[in-house]
Each structure stands twice: as C-alpha cells, then as structure tokens.
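Have a look at the structure below, then the notes.
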Amino acid sequence: KNEVEQSPQNLTAQEGEFITINCSYSVGISALHWLQQHPGGGIVSLFMLSSGKKKHGRLIATINIQEKHSSLHITASHPRDSAVYICAVRSGGNEKLTFGTGTRLTIIP
Amino acid sequence: GAGVSQSPSNKVTEKGKDVELRCDPISGHTALYWYRQSLGQGLEFLIYFQGNSAPDKSGLPSDRFSAERTGGSVSTLTIQRTQQEDSAVYLCASSLLKSDTQYFGPGTRLTVL
Chain A
19 KNEVEQSPQN
29 LTAQEGEFIT
39 INCSYSVGIS
49 ALHWLQQHPG
59 GGIVSLFMLS
69 SGKKKHGRLI
79 ATINIQEKHS
89 SLHITASHPR
99 DSAVYICAVR
109 SGGNEKLTFG
119 TGTRLTIIP
Chain B
561 GAGVSQSPSN
571 KVTEKGKDVE
581 LRCDPISGHT
591 ALYWYRQSLG
601 QGLEFLIYFQ
611 GNSAPDKSGL
621 PSDRFSAERT
631 GGSVSTLTIQ
641 RTQQEDSAVY
651 LCASSLLKSD
661 TQYFGPGTRL
671 TVL
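Protein chains in written order, with our numbering: chain A, 19 to 127; chain B, 561 to 673.
Written as structure tokens, this is what we have:
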C-alpha cells in the first residue's frame, strides 16, 4: 500500500461543476502539499498546509489530521483547471516529500 | 523575477555515458530539491540541500547518482554510466527556507538509448 493514496485517479466534469479530489496518507505528517501539473509538465505549488483549511481564489484545501485525509476543492470549474493534481506529504522530521500518483482532471466546456 | 531554471531542457544520451543536469534556483532561496518523474510513475524525491548543511541523499537510487550545490546556489545532478531505466524527467525545486513552499523548474527530460 502506498503511503499516499489519491482518488479518483481520473475525473471528467462539465464546466462550472464543483470538484473534489481526495488524498489519504498512512503516516504522521508535518505538512501536506497540493501541486498542479499542466500538460507540458510545469508544476505549480497550490497549497502547503498542516491543519485546517486554506483558500486561494476558487481553490480550497482542507486537512483532517486525525483522519489522515485531505481534500482539494475547485469551485466553478473551468477548462483551464484541466491538469494533474498531486498530493505530497512531508513526514519523519526531514524534508523528503512522498507523492501520490496524481488525479487527472479534465473539465469539458 | 526569474524562476527556477534548468538546463538542458532535453538530453538524449547513449547507455553507459555520464550526464550532468543543471539547476539554477531562485536567487536567495536556501533550500534546493531534486526530484525524478518517470513515465507512468509518480514523482520521487532524490536529494535535498539546505544552506551549508550536509545534503539529504536518502532518495538517490544508486551510487551512480550524485549531486552538488556550489556556493549555495547552482546545483548539478550527475548520473554516471546511464542506464535505460534512468530515462525520466528530472525536476529541480527551490524554497526560500526549508519546509517552505517549493517553486519548481521546468525539468530536464533525459532519454537513455
């Protein structure tokens, strides 16, 4: 079992829909990152969180430390949100990130 | 301002040759990370540099891989005697401080024939 599991692996939705991507992990962590990778490969860090909730524009990230679970939400989804979303966790008192396998999101106009 | 840059953007080499991949982090960033993304696989951590501290090399897959960071700025990842399984995109990231938001470079796509 991977330390970091994401679901779903693939998600296709219509423009305007509310999107939820889930990340579960099996170890104690010091921080969780959400990353976005567009076709062509560029990776952008969306959020880094260790508790509670963060919001940036139409994106919201939440984390429940007790349940070892995080969600990334996208409101009013748009075709430009189409990308792979990757969850990564930092644990063990070091800087090493362990990555999930990503969720491929496609938003259809 | 300039982001993280990597060179070359693409590298094709023959099995058994050595390659050097370069990363220029954002100026002033003290932490630098190398990752690898193989086709069909997720990202994996390779090595981490923080200031003048000894690097965390725990992710390097074999002793054919090494990296250095000179003057706390530019970093070079060297792969000796390349193998076909080394084919991947090698990504560099930097952050202002350790445990901070990471900024990723565009990556170097390495193909070993």
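Ideal placement from N, C-alpha and C gives every residue a C-beta, glycine not left out.
Counterpart residues of residue i in DSSP-defined beta bridges
i	result
A:His87	A:Ser42, A:Asn82
A:His74	A:Leu77
A:Ala106	A:His51, A:Phe117
B:Ser565	B:Asp584
B:Asp616	B:Tyr608
A:Gln24	A:Cys41
Buried versus exposed, by CB contacts within 10 Å (16 or more), residue i
i	result
B:Pro585	buried
A:Ile61	buried
B:Leu656	exposed
A:Glu113	buried
A:Gln27	exposed
B:Thr638	exposed
Candidates the options: closest to residue i by CA position
i	options	result
B:Ser598	B:Arg624, B:Arg582, B:Gln644, B:Ser565	B:Gln644
B:Leu606	B:Gly600, B:Asn612, B:Arg624, B:Gly631	B:Arg624
B:Ser619	B:Trp594, B:Thr573, B:Ser613	Reading the sequence as shown, one finds Gly at residue 619 of chain B and not Ser. Comparing Cα positions, the closest option is B:Trp594.
A:Ser69	A:Leu50, A:Pro57, A:Ala31	A:Leu50
B:Gln566	B:Glu580, B:Glu574, B:Gly576	B:Glu580
A:Val102	A:Leu90, A:Arg108, A:Glu21, A:Pro127	A:Leu90
Continuous beta strand (DSSP E) stretch holding residue i: start and end
i	result
B:Ala591	591-597
B:Ala653	648-655
A:Gln32	28-32
A:Phe36	Here A:Phe36 belongs to no beta strand (DSSP E), and DSSP marks it neither H nor E.
B:Ala627	625-629
B:Gln610	603-610
B:Lys571	570-573
B:Thr668	668-672
B:Gln644	That residue, B:Gln644, is in no beta strand (DSSP E); it is neither H nor E in DSSP.
Whole-number beta carbon distance between residue j and residue i, since they are thought to touch under 8 angstroms
i	j	result
B:Gly665	A:Thr119	Incorrect: roughly 22 angstroms between the Cβ atoms, too far for contact.
A:Ile39	A:Thr124	Between A:Thr124 and A:Ile39 the Cβ distance is about 13 angstroms, and since that is not below 8 angstroms, they are no contact.
B:Ser569	B:Thr668	6 angstroms
A:Arg76	A:Ile92	6 angstroms
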